[in-house]
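Residue numbers (this note's numbering): 23 to 110.
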């Protein structure tokens, strides 16, 4: 499992619309936004890195108001444990 702390950058004035559209993605938890409304703070919860990348592509393609998605924090703990388990 990968859990991120991420920022979704959106065009000015589209924050409420994007928030509503994000509700269609159960892997996304909305936490807040900047005063300007152009940066939405979310968590992504995915099974692995490939799923995270796919989800971000899908979200960008589905919500044209999104300018970019940046991951500020990524917890790879479960992925590291899988790798360690394979090396032992």
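Idealized CB from N, CA, C, for every residue including glycine.
Distance between residue j and residue i (C-alpha atoms, nearest Å)
i, j, result
"residue 26", "residue 50", "10 Å"
"residue 110", "residue 79", "Because the pLDDT of residue 110 is 49, which lies under 50, any placement of that residue in the model is unreliable, and the number read from its coordinates should be weighed accordingly. C-alpha separation (whole angstroms): 35 Å."
"residue 36", "residue 84", "14 Å"
"residue 34", "residue 70", "31 Å"
"residue 57", "residue 72", "32 Å"
"residue 92", "residue 74", "12 Å"
"residue 95", "residue 68", "14 Å"
"residue 77", "residue 42", "17 Å"
"residue 40", "residue 23", "25 Å"
Nearest to residue i (by Cα), restricted to the options the options
i, options, result
"residue 98", "66, 80 and 47", "66"
"residue 52", "87, 94, 24 and 29", "29"
"residue 59", "87, 94, 68 and 75", "87"
"residue 44", "94, 92, 82 and 75", "82"
"residue 55", "38, 46 and 47", "38"
Beta-carbon separation (whole angstroms), residue i vs residue j, contact threshold 8 Å
i, j, result
"residue 32", "residue 62", "6 Å"
Residue i - DSSP class collapsed to helix/strand/coil
i, result
"residue 39", "helix"
"residue 23", "coil"
"residue 28", "strand"
Item to complete: Could you pull out every unbroken alpha helix (DSSP H) segment of at least 4 residues lying fully inside the region 45–96, listed in chain order?
Response: Secondary structure in the region 45–96: the alpha helix (DSSP H) runs of 4 residues or longer, each lying completely within the stretch, are 71–84 in chain order.
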